[in-house]
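Q:
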Amino acid sequence: MQEHYQVAVLGLGAMGAATLYQLSKAGANVIGVDRHAPPHTQGSSHGDTRITRLSNGEGPQYLPLVRSSHRIWRELEALSGEALFEQCGVLVMTSSSVYDPHDPADFTHRTIELAKTYGIEHQVLDAAQIRQRFGQFSPVLDSAIGYFEPQGGFLRPERCIAVQLQLAAQQGAQLRLNETVLALENEGTAVRISTDQGVIYADKVIVSAGMWSAGLLGAPFDALLRVCRQTLYWFEVSEPARFAAQSPSFILTHGPAFNDVSYGFPPLPGEGSMKIATEQYETACDPYCLDRNVSDQQIEQMYRTQVAGRFSGVGSRALKTSVCAYTVTPDYHFIIDEHPCVPNVTVVSACSGHGFKHSAGLGEALAQRCMSGRSDTDLSAFSLQRFKR
Ligand SMILES: Cc1cc2nc3c(=O)[nH]c(=O)nc-3n(C[C@H](O)[C@H](O)[C@H](O)COP(=O)(O)OP(=O)(O)OC[C@H]3O[C@@H](n4cnc5c(N)ncnc54)[C@H](O)[C@@H]3O)c2cc1C
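Numbering (my numbering), first residue to last: 16 to 404.
(1) From residue 203 to residue 17, what distance separates their C-alpha atoms?
(2) Between the alpha carbons of residue 312 and residue 283, how many angstroms are there, rounded?
(3) For residue 269 and residue 110, I'd like the C-alpha separation in whole angstroms.
(4) Below 8 Å on the Cβ atoms is my contact criterion, and I expect residue 222 with residue 364 to pass it. Report the Cβ-Cβ distance as a whole number of Å.
(5) Distance, Cα to Cα, residue 357 vs residue 229?
(6) I'd like the list of long-range same chain contacts for residue 224, defined as Cβ closer than 7 Å, with 5 residues on each side in sequence excluded.
(7) Measuring straight from C-alpha to C-alpha, what distance separates residue 378 and residue 33?
(8) Please indicate yes or no: does the CB of residue 371 lie closer than 7 Å to some heavy atom of ligand 1?
(9) What do you reckon, are the CB atoms on residue 41 and residue 323 nearer than 8 Å?
(10) Per the DSSP calculation, residue 47 is bridged to which residue(s)?
(11) Evaluate the contact criterion for the region 122–141 versus the region 152–166: three or more CB pairs, one atom per stretch, below 8 Å.
(12) Would the beta-carbon of residue 68 fall within 8 Å of that of residue 167?
(13) Could you pull out every unbroken alpha helix (DSSP H) segment of at least 4 residues lying fully inside the region 167–231, listed in chain order?
(14) CA-CA distance, residue 207 and residue 201?
(15) Count the other CB atoms, across all protein chains shown, that sit within 10 Å of the CB of residue 197; report buried if there are 16 or more and exposed otherwise.
(16) With a CB to CB cut of under 7 Å and the five nearest residues on each side skipped, what residues in its chain are close to residue 386?
(17) Could you check whether residue 35 and residue 188 sit closer than 8 Å to each other, using their CB atoms as the reference points?
(18) Of all the options 299, 374, 360, 384, which has the alpha carbon lying nearest to the alpha carbon of residue 31?
(19) Nearest CA to the CA of residue 334: which residue from 61, 262, 340, 309?
(20) From residue 149 to residue 103, what distance separates their C-alpha atoms?
(21) Consider the C-beta atom of residue 63 and the heavy atoms of ligand 1; say whether any pair is separated by less than 7 Å.
(22) Does the Cβ of residue 75 have 16 or more other Cβ atoms within 10 Å, making it buried, or fewer, making it exposed?
(23) Any chance the CB of residue 339 is under 7 Å from a heavy atom of ligand 1?
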């Protein structure tokens, strides 16, 4: 007997768990497959926290997705009784001696402009106001400018994934964990999915394989996607309770380069550390042999370049570290589109390091597309077309 489903979701991290949940909610005959057992620490969705904010300096095309996601996180909380979305606010700030926060390219500037255009509740703060409200950033330069969004905050990624997979299973989705998809090909009108444990057929397939996507999908994705290793640090703080009470999630720009940025979160309850990280896009790596170790030298360098002289009360000792990866496109935006060579396969995982906050809304839109051929949210901005010019 052939196993045949209406939809197969391949990869059950942030994007896959959300899509599987929404498809099962819509009554689809659906299966989800993952090479590991999500939530896990091998992909792009671990590390306790992810920032979410309505005003995305990345562009207005993300606003409908994040709005839907904020609604869905609350629905999931009501269904599961779990805390997924902590609305502690987000501070986006530029404080730099070499970079003008009024430069139109500045991320804080773009965030403020977008919030103004789309009527997103926010406050614009000058240096004195930032110092008064958020004493953990020190020194704040006189030229600094801040954007505070009270509706933003952080998500608990592992719990978001776990809750959606549990609900999907309760709603009738089949889950196959620790099973690796090896190949996809068309057979008649169906897609034939070969795994290390057998063959599955589906009318439609969603590939949400994160950093492993290019290996599974081949051309043109292998030429478009780069996997960039990222490191996360939980630095010791002297007064975690004070920090937790007054800390929003934050993004701090301190220069014009991509890695002149740090971001972080309030200490989680019961923890004596604050998660602070930066981003790197220069060096690509092989997702099949990602270096999972963070050396003492990396910790020292992170502290020296991103923490020392920018925060007060944060020590140089990292109580925890982790390694994660971005799947990056040439223009740092998402790719969500049909596979040009394998009909009925939709590709969703290339989110260039800013996808989690949109994942719940994306799952809803993709499920609508599978069930009715169209989604309430317009996903055309994420089409592959833009790379064909
Ligand atoms: C360090 C870091 C910080 C980030 N911070 C933020 C943030 O603050 N805010 C934000 O919005 N976004 C953030 N992001 C981005 C966001 O977390 C990712 O875009 C998102 O989590 C990626 O989800 P995914 O489903 O594409 O990938 P994953 O969650 O990695 O899921 C892919 C899944 O596919 C499975 N898989 C892969 N290959 C196969 C196969 N062949 N067969 C079966 N299964 C397979 C894997 O096991 C995995 O479970 C951050 C990312 C990183 C790495």
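Ideal Cβ positions, reconstructed from N, Cα and C, are used throughout, including at glycine. Computed from a predicted model, the values in this text were never measured in an experiment.
A: Result, derived from the coordinates:
(1) On the sequence shown, position 188 is the one that residue 203 refers to. On the sequence shown, position 2 is the one that residue 17 refers to. C-alpha separation (whole angstroms): 14 Å.
(2) Position 297 of the sequence shown, counted from the start, is the residue given in the question as residue 312. Position 268 of the sequence shown, counted from the start, is the residue given in the question as residue 283. Cα to Cα, residue 312 sits roughly 26 Å from residue 283.
(3) If you number the sequence shown from 1, residue 269 lands on position 254. If you number the sequence shown from 1, residue 110 lands on position 95. In a straight line, the C-alpha of residue 269 is about 5 Å away from that of residue 110.
(4) The sequence position of residue 222 within the sequence shown is 207, counting from 1. The sequence position of residue 364 within the sequence shown is 349, counting from 1. Right, their Cβ atoms sit about 7 Å apart.
(5) Looking up residue 357 in the sequence shown gives position 342. Looking up residue 229 in the sequence shown gives position 214. For residue 357 and residue 229, the distance between alpha carbons rounds to 14 Å.
(6) For this step, residue 224 is matched to residue 209 along the sequence shown. Result list for residue 224: 25, 26, 231, 364, in chain order.
(7) The residue labelled residue 378 in the question sits at position 363 within the sequence shown. The residue labelled residue 33 in the question sits at position 18 within the sequence shown. Rounded to whole angstroms, residue 378 to residue 33 spans 5 Å at the Cα level.
(8) Residue 371 sits at position 356 when you count from the first residue of the sequence shown. Because some heavy atom of ligand 1 lies under 7 Å away, the Cβ of residue 371 counts as near it: yes.
(9) As a working mapping, residue 41 is identified with position 26 in the sequence shown. As a working mapping, residue 323 is identified with position 308 in the sequence shown. Contact: no.
(10) As a working mapping, residue 47 is identified with position 32 in the sequence shown. DSSP lists 24, 190 as partners of residue 47.
(11) yes
(12) On the sequence shown, residue 68 is found 53 positions in, with the first residue counted as 1. On the sequence shown, residue 167 is found 152 positions in, with the first residue counted as 1. Taking 8 Å as the Cβ cut-off, residue 68 and residue 167 qualify as a contacting pair.
(13) 172–185
(14) Residue 207 sits at position 192 when you count from the first residue of the sequence shown. Residue 201 sits at position 186 when you count from the first residue of the sequence shown. Near 6 Å, if we compare the C-alpha coordinates of residue 201 and residue 207.
(15) Along the sequence shown, one-based indexing puts residue 197 at 182. Looking at its Cβ environment, which holds fewer than 16 other Cβ atoms inside 10 Å, residue 197 is exposed.
(16) Counting from one through the sequence shown, the residue named residue 386 turns up at place 371. Within the same chain, residue 386 has close Cβ partners 41, 43.
(17) Indexing the sequence shown from 1 puts residue 188 at position 173. Indexing the sequence shown from 1 puts residue 35 at position 20. Yes, the pair counts as a contact, with Cβ atoms nearer than the cut-off.
(18) Here residue 31 refers to the residue found at position 16 when the sequence shown is read from its first residue. If we check each option's Cα against that of residue 31, 374 comes out closest.
(19) Position 319 of the sequence shown, counting from 1, holds the residue named residue 334. Closest option to residue 334, Cα to Cα, is 309.
(20) Position 134 of the sequence shown, counted from the start, is the residue given in the question as residue 149. Position 88 of the sequence shown, counted from the start, is the residue given in the question as residue 103. Each residue's alpha carbon lies about 13 Å from the other.
(21) Reading the sequence shown from its first residue, position 48 is the one you call residue 63. It does not: the Cβ of residue 63 is nowhere closer than 7 Å to a heavy atom of ligand 1.
(22) The residue you call residue 75 lines up with position 60 of the sequence shown. With fewer than 16 Cβ atoms within 10 Å of its Cβ, residue 75 is classed as exposed.
(23) As a working note, residue 339 is residue 324 in the sequence shown. It does: the Cβ of residue 339 is within 7 Å (strictly closer) of some heavy atom of ligand 1.
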